[in-house]
Each structure stands twice: as C-alpha cells, then as structure tokens.
Amino acid sequence: MFTKIGSFLVQSCNGRSFVLSIVYGSNQKKEREVLWKSVILQNNEPGIISGDFNTIRAFSESLGGGEPDLDSMKDFNECIKHIEVVEQPHSDSQFIWYRNWKEKGLLRVLDRVLCNKKCFKSSVS
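In structure tokens:
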C-alpha cells in the first residue's frame, strides 16, 4: 500500500486563498512517516488537510481488534503538534472506519479534517 498527498490552491468566494491537501496514509508505518514529512513541508500557507490518515491518535479512537500501534500514534501526534493544526469535530458517529464489526471486528477513527492556525487567522469562509 502507498501514501498519497495531493494539494490544491483554493480561492474562496471572499477572495482569500488556502491550500487544501487530501491525504491517504498507507497501512505501513514506514510509508506513513513519509506522509508526515510531506505534510510538515507543505504547511507554510493557510491550509486544510483532510483524508484517511490510517492511524489513530488515542486509545479512545479504537474499539475491538488488537492493541493499537503506540509508535504510530506517537508519530502522528508529534506531526500534528509540529504543524500546529486543530482537528475539526466529526458530525456523525465517532467511529468512521470499521472492519468485520459483526464478527468481533474493529472500529476506528482514521478520517480527519485538520486546519492550521493560519487558516483561522485568514478567516477562510
């Protein structure tokens, strides 16, 4: 599996612009580390980062299955702290991703929308 990041410059109807980055994080920890580095390098404009990061931030974001990968959680949280983004709340159920839930499966929060502080300062609407 591979990691993808696509970024687009978006101009809102009020004339302000911001960078919208859509991500897909690999199932593989090493490949996600490349994603974190890419996200850090692209974080110098007002921006929104959205997508499937394929890792959780806390134990409360996982239900069922085996133990979450602590190193992956730590790496993701460090990236979020480093680029100073704020996670936007979900409007639906906390758990967005599932696998075989009816058969003792797994529920997780993998999809997110993150906004950097520059985005809020720009009053993007």
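Residue numbers (this note's numbering): 289 to 413. By construction, the Cβ of each residue, glycine as well, lies at the ideal position given by its N, Cα and C atoms.
When rounded, the separation of the alpha-carbon atoms in residue 356 and residue 302 is 42 Å.
For residue 333 and residue 348, the gap between their C-alpha atoms comes out near 31 Å.
A straight-line Cα-Cα distance of about 22 Å links residue 401 and residue 318. In the structure shown, the three-state DSSP call for residue 314 is coil. Contact between residue 337 and residue 327 holds, since their C-beta atoms are separated by about 6 Å, short of 8 Å. Note on geometry: alpha-carbon atoms of residue 367 and residue 340 lie some 15 Å from one another. Distances from the alpha-carbon of residue 309 to those of 324, 316, 315 put 324 closest.
Per DSSP, the continuous alpha helix (DSSP H) segment holding residue 360 begins and ends at 358-371.
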